[in-house]
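Visitor: There's a structure below that I have some questions on.
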Amino acid sequence: MKSDGKSAPYACGEDLPAEELKVNLERFFVFAVYFLIFDVLAFILATSFAASSLLPAVYCLVVLMAVAALLSSGRHK
């Protein structure tokens, strides 16, 4: 015999109503894009030790300018 109490939500002994979890996917995707940008940057820098020091520095500047542009465009929404 199953009682109603066993299937009810439980939160530290308080009888709280169950709420639906809301995930902000737009914010998640923004963080995913930033992670991807910095992950590719780290890979390029790690594999560019044989190249001249100017090429990785220029690539870093381009990536940082792109991130700055993304950050500034996100503030205007």
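Residue numbers are given in the working numbering: position 46 of the sequence shown equals residue 1057, and the series is strictly consecutive. A virtual CB, placed ideally from N, CA and C, is assigned to each residue, including glycine.
Considering only their Cβ atoms, is the gap separating Tyr1045 from Ile1055 smaller than 8 angstroms?
Guide: Not in contact: Ile1055 and Tyr1045 (Cβ atoms no closer than 8 angstroms).
Visitor: Would you call the region 1061-1081 and the region 1029-1039 touching, i.e. three or more CB-CB distances under 8 angstroms?
Guide: No, the region 1061-1081 is not in contact with the region 1029-1039.
Visitor: List the whole-angstrom C-beta distance separating Ser1059 from Leu1066, where the pair is believed to meet the contact cut-off of C-beta under 8 angstroms.
Guide: Rounded, the Cβ-Cβ distance is 6 angstroms, consistent with contact.
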